[in-house]
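First residue of the sequence shown: 68, per our numbering; consecutive thereafter. Quick notes on the structure that follows.
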Amino acid sequence: MTDSTTTTLSRTDVLLERVRSGGTDWSLREQVELAVRLAVPAILAQISSIVMEYIDASMVGHLGAASSASIGLVATTTWLFWGLGSAASTGFSVQVAHKIGGNDPVGARAVLRQSLVACLIFSLVLMSVGIAISDRLPYWLGGSEDIAHEATMYFLICALSMPVFQFHFLTSSMLRCSGNVKVPSLLNILMCVLDVVFNFFLIFPTREVTLGDRVVTVPGFGLGVAGAALGTMLAGFIISLLLFYFLCFRSAHLRIFGRNIWRQTTWRHFVPTNMVLRKAIKISMPIGCERTIMTGAQITSTMIVAPLGMMAIAANSFGINAESLCYMPGYGIADGATTLVGQSIGAKRQDLARRFAHITVVMGICVMAVMGVVMYLAAPAMMGVLTPVPEIIELGTEALRIEAFAEPMFAAAIVCYGVFVGAGDTLVPSTMNLFAIWAVRITLAIALAPVMGLNGVWLAMCIELNLRGILFLLRLRSKRWIPKDLRKLSST
Numbered sequence: 068m069t070d071s072t073t074t075t076l077s078r079t080d081v082l083l084e085r086v087r088s089g090g091t092d093w094s095l096r097e098q099v100e101l102a103v104r105l106a107v108p109a110i111l112a113q114i115s116s117i118v119m120e121y122i123d124a125s126m127v128g129h130l131g132a133a134s135s136a137s138i139g140l141v142a143t144t145t146w147l148f149w150g151l152g153s154a155a156s157t158g159f160s161v162q163v164a165h166k167i168g169g170n171d172p173v174g175a176r177a178v179l180r181q182s183l184v185a186c187l188i189f190s191l192v193l194m195s196v197g198i199a200i201s202d203r204l205p206y207w208l209g210g211s212e213d214i215a216h217e218a219t220m221y222f223l224i225c226a227l228s229m230p231v232f233q234f235h236f237l238t239s240s241m242l243r244c245s246g247n248v249k250v251p252s253l254l255n256i257l258m259c260v261l262d263v264v265f266n267f268f269l270i271f272p273t274r275e276v277t278l279g280d281r282v283v284t285v286p287g288f289g290l291g292v293a294g295a296a297l298g299t300m301l302a303g304f305i306i307s308l309l310l311f312y313f314l315c316f317r318s319a320h321l322r323i324f325g326r327n328i329w330r331q332t333t334w335r336h337f338v339p340t341n342m343v344l345r346k347a348i349k350i351s352m353p354i355g356c357e358r359t360i361m362t363g364a365q366i367t368s369t370m371i372v373a374p375l376g377m378m379a380i381a382a383n384s385f386g387i388n389a390e391s392l393c394y395m396p397g398y399g400i401a402d403g404a405t406t407l408v409g410q411s412i413g414a415k416r417q418d419l420a421r422r423f424a425h426i427t428v429v430m431g432i433c434v435m436a437v438m439g440v441v442m443y444l445a446a447p448a449m450m451g452v453l454t455p456v457p458e459i460i461e462l463g464t465e466a467l468r469i470e471a472f473a474e475p476m477f478a479a480a481i482v483c484y485g486v487f488v489g490a491g492d493t494l495v496p497s498t499m500n501l502f503a504i505w506a507v508r509i510t511l512a513i514a515l516a517p518v519m520g521l522n523g524v525w526l527a528m529c530i531e532l533n534l535r536g537i538l539f540l541l542r543l544r545s546k547r548w549i550p551k552d553l554r555k556l557s558s559t
């Protein structure tokens, strides 16, 4: 059975096959073409996900500053849980990329089966922890009584949806690492559309809308902040089911359900083995620890901003949403870099891995440099879409214009990290991230916030991101991210 995207992505499949077969008869232009073909759908998916958050924030923003602040207060903790789920998925999907690059589809399917069970158990643990801390979390973060209830409800629903998003992370990552970027990208765009539709009915109460000469009654549940979380959960559930179908029933490389395959499968094939788990932990543990400590730093930043008042909390939250529209293309390119480098490493092609690394990093820097200019010029309009409150717009605009100067080096850090993950090199890059954010960003933010207010927090972030980008470029140049056995092989 062929992949469902064979017809539309035949050129991409042909180029990826050259990576797996060890072919050398292709030009730099074709390598750039492959990088672009993998990056563009991922960029569109990342942008669509940010547009979804943008629309969510805009809808909630029209409920008032308190509702916006309630989401902003717990947003970083929500990202922590999602980051841990994504890290767990990465530990398995990188193994799959290496197996496919080494022309071992049987081994790739074995890793996928085991990952389904392991990630389900992990997501249930995260869900339980989230439920347990949901009622106290807003107070731990320095939130006031007037926003604590809505913040608790938002985070509780996000915690309950962890199994849904764990499978979303896993199936998307597996498809991308197999070379199928188009399906998860298109489905992520569909998720944004569904999220907007669900939010339209769940957030607002029943209301009358004037359409031309007619007055139409639009039904609604009026759930406010809780409705935003429920809308995201429902959209994620539908898309996770579709991703699971394309991965497990239709993928040429990773299909594990089908008449011939299923007959040879027993429940024991789904039990995680020590070898696969050890490799997954070796890859995922540094990423998970980094996400935990970095999100802890982001939570600390939220706590630094909280005493500045409700307007500053809302502006900080909206500013992060607005900036993400500019840096998410970098994460899309990083997804393509992970696939290309992972399959090159699996094929024992150090030369290709390095070439794809350089191509994708340059691509990321160029794209995000342009996005930085756009963000600087369009900052007032970007904030104006999110909130009608003038004070929040002014504070957010100043923050975004500071951050615009960090976008090129932020791109370098993002894409280099994707390269290193594809190579299975996660410990040192994660440590570098931790050093930059704690030793530079948090330290500077603590010093600058009392003097410069919210601008001080964002200036600290700008300085740290530039430093982090330089550190990652130096590691990329050192070649230490390439596995030792591959370095020894190429030197003999």
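Ideal Cβ placement from N, Cα and C applies to all residues, glycine included.
Closest by C-alpha distance to T144, out of T367, H216, L308, M241, is T367.
Taking L147 as reference, the option from F232, R87, G451, K166 with the minimal CA-CA separation is F232.
Secondary structure note for V452: its alpha helix (DSSP H) is the uninterrupted segment 417-453.
The beta-carbon distance between G397 and A478, rounded to whole angstroms, is 4 Å. This is short enough to meet the 8 Å contact definition.
In the same chain as I530, and ignoring 5 residues on each side of it, the C-beta atoms closer than 7 Å to its own belong to V507, L511, in chain order. CA-to-CA, the gap between F385 and C225 works out to about 19 Å. Looking at G451, S239, V343, the one whose alpha-carbon comes closest to that of D402 is S239.
Counting only residues of its own chain and dropping the five nearest sequence neighbours on each side, I348 has a CB closer than 7 Å to the CB of G158. By the criterion of a C-beta distance shorter than 6 Å, Q181 is surrounded in its chain by P339, V343, once the five residues flanking it on both sides are discounted. Between T405 and A164, the alpha-carbon positions lie close to 9 Å from each other. For T219, the three-state secondary structure derived from DSSP is helix. Inter-segment contact for the segment 210-227 and the segment 167-178 is absent: fewer than three beta-carbon pairs are separated by less than 8 Å. Leaving aside the five residues that flank I513 on each side, the residues in its chain whose CB is nearer than 8 Å to its CB run, in chain order, I371. With respect to G197, L227 sits close: the two C-beta atoms are nearer than 9 Å. Here the alpha carbons of A516 and I459 stand approximately 17 Å from one another.
Under the three-state reduction of DSSP output, L321 falls in the coil class, being neither helix nor strand. If you draw a 10 Å sphere on the C-beta of D262, you find 16 or more other C-beta atoms in it, and that means buried. Around the C-beta of Y394, 16 or more other C-beta atoms lie within 10 Å, and the residue is accordingly described as buried. Note on the segment 218-272: whole alpha helix (DSSP H) runs with a minimum of 4 residues are 229-244, 249-269, in chain order.
In the same chain as I469, and ignoring 5 residues on each side of it, the C-beta atoms closer than 6 Å to its own belong to W525, L526, C529, in chain order. Its chain contains G287 as the residues whose beta carbon lies nearer than 6 Å to that of F268, once the 5 sequence neighbours on both sides are disregarded; these appear in chain order. Judged by DSSP in its simplified three-state form, V285 adopts strand. A155 and A424 have their C-alpha atoms spaced approximately 23 Å apart. The C-alpha of S307 is placed about 13 Å away from the C-alpha of I256. When the beta-carbon positions are compared, V488 and G431 stay at least 9 Å from each other.
Of all alpha-carbon atoms in R542, E97, L453, V184, the one lying nearest the alpha-carbon of R335 is that of V184.
About 6 Å separates the beta carbon of L204 from that of V141, a gap short enough to meet the 8 Å contact definition.
Looking at the backbone, the Cα of W207 and that of R345 are separated by about 35 Å.
Distance from the CA of I400 to the CA of V518, rounded to the nearest whole angstrom, comes to 37 Å. Separation of A389 and G520 (C-alpha to C-alpha, rounded to the nearest whole angstrom) is 19 Å. Around S201, the same chain offers T219, F222, L223, A226 as residues with beta carbons nearer than 7 Å, after the five sequence neighbours per side are excluded.
The C-alpha of G355 lies about 31 Å from the C-alpha of M377. For A503 against L538, the beta-carbon gap comes to about 7 Å, under 8 Å, which counts as contact. Across the set P353, I138, L467, I360, the C-alpha of L467 shows the shortest separation from the C-alpha of G523. Remark: C-beta atoms of R421 and Q98 do not approach each other more closely than 9 Å. One Cα belongs to N383, the other to L151, and the distance between them is close to 23 Å.
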